[in-house]
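Q: Chains F and W are the protein sequences, given in the same order. Just so we're aligned, residue 114 is where the first sequence starts under our numbering, counting upward by one. Just so we're aligned, residue 541 is where the second sequence starts under our numbering, counting upward by one. The structure is given below, and queries will be raised subsequently.
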Amino acid sequence: MYEGAVQDLIDELGRLPGVGPKSAQRIAFHLLAADAADVRRLADALLEVKARVRFCEVCGNVAESERCRVCLDPRRSDEVICVVEEPKDVVAIERTREFRGRYHVLGGAINPIENVGPDDLRIKELLGRLADGRVQEVILATDPNVEGEATATYLARLMVPMGVTVSRLASGLPVGGDLEYADEVTLGRAFEGRRVVGR
Amino acid sequence: MPTRVGGAGDNGAVPLYRDDAIVLRTQKLGEADRIVTLLTRENGKVRGVAKGVRRTSSRFGARLEPFMVVDVQLHVGRSLDTVTQVETIGPYARPICDDYGLYTAGAPMLEAADRLVDAEREPAVQQFWLLSGALRALAGRDHAPSLVLDSYLLRALSVAGWAPSFTDCARCGAPGPHHSFSVATGGAVCARCRPPGSPAPAPETFALLAALLTGDWAVADVADQRHRREASGLVAAYAQYYLERTLRSLRHVDRTVPVPAHRPDLEA
Ligand SMILES: [Zn+2]
Ligand SMILES: [Zn+2]
């Protein structure tokens with residue numbers, strides 16, 4: 114344990130995803146040794162992102178106004194919604210240039226052991242977007258691992274009776290992986306070869 | 541002790557060991573790795589690093605998902621061991637995550653096992669067999685998922701030393717059946733031992749709990765919904781009490797859509 118301010122910083126860094134206690138300590142001491150101007154730039158960037166960036170009120174993607182760039186783009190189709198776990202998955206799919214519809218970001222996957230249930234995700238908002246009958250197809254692009262697959266299973270069970278075509282990204286994405294690490298070619302193929310799970 | 545494999549190295553053995561294992565949970569580590577928590581047959585609970593499994597090129601990412609039963613080889617490390625080979629024994633992840641009822645019934649089983657086998661590297665062979673059998677029954681739809689879950693919880697707690705009694709009085713041993721149930725006392729309680737405020741479940745619920753504890757599926761499978769629900773509530777209370785912390789996943793168990801009973805006569 115260190116004195117107050119240093120320990121506080123280590124504790125805060127340690128709460129970041131993928132940062133263990135050792136990494137937190139290393140980053141903290143790196144910052145202690147760094148130029149004040151460099152540290153200020155980092156602190157400003159952190160505050161700036163919290164002040165300026167928010168979540169799109171329609172799809173949950175990151176946005177700099179009430180709606181995100183995808184939702185504001187009039188050239189995109191309102192008939193297809195691609196459901197993903199995180200905003201970074203939107204970035205991965207946009208890279209493929211295969212998809213010209215809209216997105217819906219759930220904010221995670223159903224993971225009972227981590228105490229994340231359906232009510233903790235933006236599922237009600239998704240169902241709300243299907244209400245006016247314009248959406249013809251929902252593509253489930255949750256991560257190809259147990260939590261993502263189970264979330265897709267749950268969503269298909271909810272949406273198929275609503276009269277919308279529900280499809281899932283084709284295999285070719287190995288199970289166990291993260292969507293964000295799929296290369297453009299694999300992900301693009303997974304889109305083209307998506308299979309209908311119910312309509 | 542790890543089973544030594546191979547013959548290379550200075551002292552005639554490489555620091556590798558091989559074991560059967562159930563994947564209890566995975567956590568992201570760094571850019572593309574995961575930490576996998578395994579319940580092994582010989583070595584108890586082990587945490588290992590699976591390198592690169594979140595990348596699309598990984599050969600064994602799919603085999604190191606929760607609910608999988610695998611034959612795994614690990615390389616001994618200073619703090620965490622590293623997974624070097626994985627072969628599938630029980631491919632239960634796919635059927636379980638393709639059915640939301642199975643998924644939400646299976647999660648508390650993994651969470652309970654993780655909690656009950658507290659210390660790492662202490663053999664817990666009975667817990668291994670109990671969980672792998674329960675996952676096989678769940679994935680195979682042998683019984684309703686909530687029954688498989690409740691039976692597993694009762695038996696896993698028993699193995700851990702907290703065996704309930706559902707017939708004789710849990711305090712004085714007076715032969716049952718009795719009318720009251722006390723979680724803190726350990727199950728059924730007679731009129732004299734009954735702590736004030738103990739609930740009085742239906743006799744059929746007591747019979748169902750006893751059947752779940754002993755694996756008497758002929759009785760359990762025909763229990764009606766009302767008694768299943770009452771039994772689940774008591775099992776949950778019992779598990780929470782003896783695990784001393786809530787099983788977080790229990791509140792997410794999907795009890796809305798009953799899964800049809802296993803029908804061997806309909807199988808190809
Ligand atoms: Zn949007
Ligand atoms: Zn008594």
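All C-beta atoms, glycine included, are put in the ideal place defined by N, C-alpha and C.
(1) According to DSSP, what are the bridge partners of residue 224 of chain F?
(2) Along chain W, which residues have their Cβ under 7 angstroms away from the Cβ of residue 302 of chain F?
(3) Could you name the residues, in chain order, whose CB is less than 5 angstroms away from a heavy atom belonging to ligand 4?
(4) Measuring straight from C-alpha to C-alpha, what distance separates residue 249 of chain F and residue 176 of chain F?
(5) Closest Cβ-Cβ distance between residue 755 of chain W and chain F: below 8 angstroms?
(6) Cutting at 7 angstroms between CB atoms, please list the residues of its own chain near residue 755 of chain W, excluding the five before and the five after it.
(7) Which residues end up in the neighbourhood of ligand 2 when you take C-beta atoms closer than 5 angstroms to any of its heavy atoms?
(8) Using a Cβ cut-off of 7 angstroms, pull out every chain F residue sitting near residue 792 of chain W, in sequence order please.
(9) Please tell me whether residue 788 of chain W has its Cβ less than 8 angstroms away from any Cβ of chain F.
(10) Closest by CA to residue 254 of chain F, which one among F:158, F:160, F:193, F:232?
(11) According to DSSP, what are the bridge partners of residue 575 of chain W?
(12) Among F:264, F:263, F:252, F:276, which residue has its Cα nearest to the Cα of residue 245 of chain F?
(13) Taking only the alpha-carbon atoms, compute the straight-line gap between residue 241 of chain F and residue 198 of chain F and give it to the nearest angstrom.
(14) Relative to the C-alpha of residue 790 of chain W, which residue among W:776, W:679, W:784 is closest?
(15) Which residues mark the beginning and the end of the alpha helix (DSSP H) in which residue 746 of chain W is found?
(16) Return the chain-ordered ranges of every beta strand (DSSP E) run that is complete within the segment 599-629 of chain W and spans a minimum of 3 residues.
(17) At what residues does the beta strand (DSSP E) containing residue 311 of chain F begin and finish?
(18) Of all the CB atoms in chain F, is at least one closer than 8 angstroms to the CB of residue 650 of chain W?
(19) Counting pairs of beta carbons, one from the segment 699-707 of chain W and one from the segment 611-628 of chain W, are three or more of them closer than 8 angstroms?
(20) List the endpoints of the continuous beta strand (DSSP E) containing residue 789 of chain W.
(21) So residue 215 of chain F and residue 251 of chain F are supposed to be a Cβ contact under 8 angstroms. How far apart are they, rounded?
A: Inspection of the coordinates gives the following:
(1) F:229
(2) Those within 7 angstroms of residue 302 of chain F in chain W number zero; the least Cβ separation is about 11 angstroms.
(3) As for ligand 4, it is missing from this structure, which binds only ligand 1 and ligand 2.
(4) 25 angstroms
(5) no
(6) Closer than 7 angstroms at Cβ, skipping near neighbours: 691.
(7) W:709, W:711, W:712, W:714, W:730, W:733
(8) 225, 230
(9) Yes - at least one Cβ of chain F is within 8 angstroms of the one on residue 788 of chain W.
(10) For residue 254 of chain F, the nearest C-alpha among the options comes from F:193.
(11) W:567, W:589
(12) F:276
(13) Across the structure, residue 241 of chain F and residue 198 of chain F are spaced so that their CA atoms are roughly 18 angstroms apart.
(14) W:776
(15) 743-754
(16) 609-615
(17) 308-311
(18) Residue 650 of chain W counts as touching chain F.
(19) Verdict: no, contact absent.
(20) Segment: none, residue 789 of chain W is in no beta strand (DSSP E) and carries neither H nor E.
(21) With a Cβ gap of about 10 angstroms, residue 215 of chain F and residue 251 of chain F do not count as contacting.
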